[in-house]
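Chemist: I am attaching a structure below and will ask some questions about it afterwards.
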Amino acid sequence: MTAESITELIAQHLEGSDIFLVEVAVRPGNAIRVHVDKPEGISIDECVKISRFLNERLDRDVEDYSLEVSSPGLSGTFKVKQQYEKNLGRNIEVLYSDGIKVKGKLESVSDNGITLKVNGDDEEIRFDEIKTAKAIISFN
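Counting from 1202, one number per residue, gives the positions in the sequence shown under the numbering used here.
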């Protein structure tokens, strides 16, 4: 059982829905972790349905595993374009590949990158320039 095969299963299952796959990880001992989300946030019930779907298709008799299906959480780094889209209008922190860190308001998302308003100026950032990006959590 590989992350790629599980990714294919989930992608087929989610096709046509607004739920998107963020990440699949298979760790030693077949500990499978799946992160899913959707624009308005994913519910526990939706995670349970995806977990049941996977349990019905994976064979514990052939290969034992543990399975965790959840949202990526508020503080995790962005892995897919849909996470940027979900955070449009919010403040995010971007760490460039060269180590420079900037914070600003996420103005737009394209196929190639993002536009971030930093100190009043629009900064175009290509996805291939981004090492990590994450939402800035504010409790005001």
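Here a beta-carbon is modelled for each residue, glycine too, at the ideal position from N, C-alpha and C.
Hey, quick one: how far does the alpha helix (DSSP H) through Thr1208 stretch, first residue to last?
Modeler: 1204-1215
Chemist: Do Glu1286 and Val1310 have their C-beta atoms closer together than 7 Å?
Modeler: yes
Chemist: Please report the residue range of the beta strand (DSSP E) in which Tyr1266 lies.
Modeler: Taken as a continuous stretch (DSSP letters only), Tyr1266 belongs to no beta strand (DSSP E), as it is neither H nor E.
Chemist: Say yes only if the C-beta of Gln1283 is nearer than 6 Å to one or more non-hydrogen atoms of the ligand ATP, and no if none qualify.
Modeler: The ligand ATP is absent from the structure shown, which contains no ligands of any kind.
Chemist: With a Cβ-Cβ cutoff of 7 Å, do Glu1257 and Ser1298 count as a contact?
Modeler: no
Chemist: Suppose the cutoff is 7 Å on Cβ atoms and the five residues either side in sequence are ignored; what does the same chain contact list for Ser1276 look like?
Modeler: Lys1335, Ile1338
Chemist: Among Val1249, Phe1254, Glu1269, Ser1244, which residue has its Cα nearest to the Cα of Asn1231?
Modeler: Glu1269
Chemist: Where Leu1210 and Gly1274 are concerned, what is the direct C-alpha to C-alpha distance, given to the nearest angstrom?
Modeler: 23 Å
Chemist: Assign Gly1321 to one of two classes, buried (16 or more other C-beta atoms within 10 Å of its C-beta) or exposed (fewer than that).
Modeler: The residue in question, Gly1321, is exposed, as its Cβ has fewer than 16 Cβ neighbours within 10 Å.
Chemist: Helix, strand or coil, according to DSSP, for Glu1294 in the structure here?
Modeler: strand
Chemist: Considering only the alpha carbon of each residue, which of Gly1242, Tyr1266, Leu1307, Ser1271 lies closest to Lys1250?
Modeler: Ser1271
Chemist: Check the DSSP bridge columns for Leu1317 and list the partner residues they point to.
Modeler: Answer is Leu1307, Glu1324, bridged to Leu1317.
Chemist: Across which residues does DSSP place Lys1343 in a beta bridge pair?
Modeler: A query on residue 1343 cannot be resolved here, the shown segment of the chain reaching from 1202 to 1341 and no further.
Chemist: Mind reading off the beta-carbon distance from Lys1305 to Asn1288? Whole number of angstroms is fine, and I expect it under 8 Å.
Modeler: Sequence inspection shows Gly at residue 1305; the Lys mentioned does not correspond to that position. In fact, because the Cβ distance is near 12 Å, the residues do not count as touching under 8 Å.
Chemist: What is the DSSP secondary structure of Val1270, counted as helix, strand or coil?
Modeler: Correct three-state label for Val1270: strand.
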